[in-house]
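Protein chains in written order, with the working numbering: chain U, -17 to 237; chain G, -17 to 237; chain H, -17 to 237; chain F, -17 to 237; chain B, -17 to 237; chain C, -17 to 237. Note sheet for the following structure.
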């Protein structure tokens, strides 16, 4: 099979569908890989890095689409990319079709097989291509939150972990799933005073066993949300809790 | 030298001046040891246990005082014991003379050399015979406090560490010295939400390095005392903080 | 639906079927809640606390039973409570019917739907309403055991964790399930020398990964039970091991 | 004594000489405190917060200097502030006189007693008023470095701790003193691959005992500096290592 | 049922099919056990130890085979043992038939029921009688590797954990399953610089949660294998990675 | 100054006085270094490695002694090396003169200044050049002991940490100084059941704070030595305890 890797075109998107390491794996399994020139620059991988592991560099995105049986990207194709898809091709990328009827229509019209990363499901019902993004989001949420609490960024001038003598900042994590557990790991690592709220006792059990007295694992009710969120310096949640007057709320969607 | 170990006579005192293991050490250094019959029963050591390591069992306290060059006890001698002391004897025990002028007078009158455990000082200015008591007191303070918080004991029905889903109880330790550090170790071990207040930043540094995010190490001021003590479920202090309206205060003197 | 919360009538039972926080959740889902006056006093919640979250306070237990579609309690109903049940009502509480044929007969006669907390089963076969009690029991077992080992309580005068210089007490936990794991967590937290015995290697694997060298995870056989239980200072088990001559045995049923 | 707290005038300086909590302590010791109006706004403390703990709010910096026996500030006084000092006053603040001969001249001319925080020395030769700044600097260095490694900030797009599957970033800390140890604590907390280089084996011993296999403690030589610094993603040092071609160097002075 | 335990005859095999503790369990369940004289000497259990728990000692292997309904061994039977099997017997031992057609033929000819430990499967598809061997193999791999790195054994003269000042040795574990996780636990315990490579992200997640910054959990690709294996001081794998030029490779089969 | 590094001549000694990294430091400080050809082969450093950092390679040990102002070695000089020393030279190496009067005489006769590593004392009375050897000895003691407990080495066939289901081996460390603390760190890391005995309570305090419930810190008396050493699987001590019938005793001198 011939795999094509075009440059990403969405604004601020610096990633690429396959890294040189991934290309090497694909090639080792007997496939061909074509890469648009410069596609890896955003991650610090130049054409030579791709060529070194067996990819063919093509000068133009049209050449990549023309040559490929399988297109591997990061973000959903923009309209001009959708126009290049053929019915004998497979597209493999994040699609997020729900809020995007125009894309859906175009993809159906193309006749291509389009597989959205976010819908790939494993035998246990997990979403293996979405989970890594949630891990990154959870970890970044604390990093972003810590930055926002700095005084020059307009924050309260708090260091998440304080220093000995000064109490640490209060971090509340709403939901102890993948995003939440990764946020907790970073917040505890920075020495913050961490509370996690969840409605699933098995999740609280696991977090309690893992983090012990470093995390307050509390069943989530309207009352406990009020008690902890309104007293927090930083709140991390996978989704926005409507109406919560949180001092500073970082949601996974924001990072 | 002949070392004498009388039974303790103070109410509720079950300890004894030398354990059989200690007697064995003393005998191995070439000394004789005489023990009053039954002196070790409070710690589960019968006369046979003392005899097995080389002690001579004497049937009466008077025999012990008569035979000994050095009397080793736990608590200060009562009036009738003081009357048995001779000027050629040494008494080694806790004395706590400050609030006890009568004892002081009797001991001076006896002419004996009286060494109080609590005043023995090491090269670094430490009190090596007092410190173990402080360690026990700090550890017991949490055990006693946890017991007092049980509902049948008239407490608030709180488990120090909560269970996953229920926030742990708030323990405030005033002073991070020997008593405090040992109390913290137990409170963290039981999963409590622990705050320590101290005016010595080096102490806070050390506790922070040791316990990390499991303990809030806060500089002690009137404001921080108010903030944490008034919100606590259990307060542990080496001495009573006057006027503090603590929900439940366990001091080292009480255990 | 109208939910009724009568006062508990069993001797020494201080809990209540719904806390104010729970009432708030129920009300937020569109139900009505009626609470017998004084029902929450045992947990420190007065009528005003229930009224503040939307409950109606009723002056008499008969009013509560009369008004409610669903009765939420803690302990099984006593005979006089059973007499108040109607066939159009649902009772939700711990029942423990096995040893109690009289209760079973009355409940069947009432025609009410009676759901026992202890039989509610989740998708994985777990007992989610029994597990929290097991967690509390396991944690309390160590607290109760530590108290019993104190000399004034008639114990051996041992501190579970010892102090540096004095070896810690030996705690043996029979069974590493929910009760056992929670007991281990507390015993390790207090610095005890902990051995857990179980016949399920997967349980031992998990405890070994979690507690590492702080716990001795041993396969349970007649020989290992003899070896560890007979040498223990404190034994914790979910059920009594018949014939074991344990120095001091705390079972989950006892706390 | 009357203590005066003027607003800080240096650009970007948002701190204040005394917080309301500190004012409360000073007042409790029998002193008077006068605070320039608005002096605490940068830390979120308004005039009412100071008044509530017993301070007198004065409308103008001149009034504060006129009224005070002791001036407590954060940063060195600017020329116009120096002009207000009287020979019967004491100034207590960070001065950093070494590179600032003009300030030195003015202060000497004023006749005031000027005590620089950074020169206050404790009995062990430590600098207790400088150490907290070093702790903050060390902790902030990792936070700042993590931010700088983000792709939108022009960094390599690395998360310090990686995520499972992706190796963490390599952090090298040059010097394991107060700045370094605090940086290490944060870097380990975020899951980074941390190496510390120091020429003091006692420092390496202590860091090894504290952080175990989570930190590589290496004796600092020209060769080890080359080996680790040139391979690092982030380098933290209290001072700039001249000539080191570090991929990204955060020094304590920069935060 | 009568259970027979012959001595192991394979060279260097010092184990025995049932320990005295196991015999005690079997006997307590109402079975008889016959043991060949001297069968337990390799594990330090003499005939008296077996007799004390109810076994009958038989003077000859032929007597054991003659008397037993069930033969319990450690290793596969050698030809002369296979000749003793009867069609009314069951053999329970490790067999590893795949590479051993001669044994397979003999066992089938014997008519005995032969159950291989390594094929016993539990409800979750696990291999409960193989897993303990994998745990031992993983732990021993690090012990053996550490020994091999000693200079007198021809190794590089490296201590796995280094000492403060000297960087630890680099250990790469290929595969984070039972063998790998146990090897990691020992390598981290000795202070090594550990990297684990696996293609199962769930495995990496679990190891990351368990070992945190003490282990580098990396997705296994041709590139990451090259990067880490070629730079390692010690490589542990359950199976040999063909063509990998590892500095020193310990596989589970080797210990 | 010209520094000379001869090859070590003592049997089995594979180390060398200066590594290439050390030579680089010496040269950077403005000194010359001459190295005997092949001196670094035992640590894997060939002549080119030394030349690359500025050393001059000399073909013969006599040339090295002739050229050098300062001789840096590892082990004490043998008779033939002593004969090459001149009165204008300094020798810097381990000497261990106490049991070696002949060496002492020769060195005095040479007129050279001879500084023994093991006697270099720092400001706190520590022995900075001896401590690293003690760290290595303590760590190696456990590695050597673990190897000796393997069945093929004639040991009891015990894995130090056991596996889940099988209790770990009992390790007793006599003395919690540098050797002991390093042995403890490794033994705990391997999952052993560790007891440390010491007569210095401050040492026990520190080990207890560092290792918590993973180590039993016991005051060393005749009785506690009997109790723990006689029950141990492996005993580590800096010096041999006379008369102790330890199952297996590894002393620091043996590794």
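Backbone N, C-alpha and C define an ideal beta-carbon position, used for all residues, glycine too. Since we're looking at a predicted model, the values are computed, not measured.
By the neighbour-count definition (other C-beta atoms within 10 Å, threshold 16), residue 213 (chain H) is an exposed residue. A Cβ of chain U is located within less than 7 Å of the beta carbon of residue 205 (chain B). In the three-state reduction of the DSSP assignment, residue 8 (chain U) falls in the helix class. Partner residues in a beta bridge of residue 66 (chain C), as assigned by DSSP, do not exist.
A residue is called buried when at least 16 other Cβ atoms come within 10 angstroms of its Cβ; residue 135 (chain G) does not meet this threshold and is exposed. Inter-segment contact for the stretch 83 to 91 of chain G and the stretch 108 to 117 of chain G is absent: fewer than three beta-carbon pairs are separated by less than 8 Å. Remark: C-beta atoms of residue 205 (chain C) and residue 179 (chain C) do not approach each other more closely than 7 Å.
For the stretch 20 to 46 of chain H, the residues whose beta carbon sits under 7 Å from a beta carbon of chain G are, in order, 25, 26. Across the set B:-2, B:149, B:218, the C-alpha of B:218 shows the shortest separation from the C-alpha of residue 161 (chain B). Take the alpha-carbon of residue 40 (chain C) and the one of residue 144 (chain B): they are about 32 Å apart.
Chain order gives the chain C residues near residue 125 (chain B) as 125, 128, 129, 132, 141, 142, 172, where near means a beta carbon separation below 9 Å.
In the DSSP secondary-structure assignment, residue 199 (chain H) is bridged to H:178. Note that the C-beta distance between residue 153 (chain H) and residue 216 (chain H) is below 7 Å.
Put simply, the stretch 90 to 97 of chain U touches the stretch 72 to 80 of chain U. At least three CB pairs are less than 8 Å apart.
Contact check for residue 16 (chain U) and residue 8 (chain U): beta-carbon distance about 11 Å, past the 8 Å limit, so the pair fails to qualify. In terms of Cβ geometry, residue 141 (chain U) and residue 121 (chain F) form a close pair [threshold 7 Å]. Counting only runs of 3 or more residues that sit fully inside the stretch 116 to 162 of chain U, the beta strand (DSSP E) segments are 152 to 156, in chain order. Straight-line measurement puts the Cα of residue 195 (chain G) at about 30 Å from the Cα of residue 31 (chain F). At a cut-off of 7 Å between beta carbons, residue 201 (chain H) contacts chain C. Between residue -1 (chain B) and residue 46 (chain B), the C-beta gap is not smaller than 7 Å, which leaves the two residues out of contact. 2, 3, 4, 6, 7, 10: these are the residues of the stretch -2 to 15 of chain B whose beta carbon lies less than 8 Å from some beta carbon of chain H, given in chain order. Taking each of C:77, C:132, C:22, C:163 in turn and checking the Cα distance to residue 25 (chain B), the smallest one comes out for C:132. At a Cβ-Cβ threshold of 7 Å, residue 125 (chain H) and residue 128 (chain G) count as neighbours. Chain H has a Cβ within less than 7 Å of the Cβ of residue 149 (chain C). According to the DSSP assignment, residue -13 (chain U) belongs to the beta strand (DSSP E) that extends over -16 to -13.
Beta-carbon to beta-carbon, residue 172 (chain H) and residue 171 (chain G) are separated by about 5 Å, close enough to satisfy the 8 Å threshold. Secondary structure at residue 35 (chain H): coil, using DSSP grouped into helix, strand and coil.
Taking C-alpha positions only, residue 181 (chain G) is separated from residue 4 (chain F) by approximately 13 Å. 7 Å or more divides the Cβ of residue 149 (chain U) from the Cβ of residue 185 (chain G). Within chain H, no residue has its beta carbon less than 9 Å from that of residue 138 (chain C); the closest one is some 17 Å off. Across the stretch 107 to 119 of chain C, CB contacts with chain B closer than 7 Å involve 114, 117, 118, in sequence order along the chain. No Cβ-Cβ contact shorter than 7 Å links residue 49 (chain C) with residue 6 (chain C). Residue nearest to residue 11 (chain G) within the set G:35, G:58, G:80, G:165 is G:35 (criterion: CA-CA distance). The Cβ of residue 212 (chain C) sits no closer than 7 Å to any Cβ of chain H. Under the three-state reduction of DSSP output, residue 169 (chain U) falls in the helix class. Residue range 72 to 75 is occupied by the beta strand (DSSP E) that includes residue 75 (chain B).
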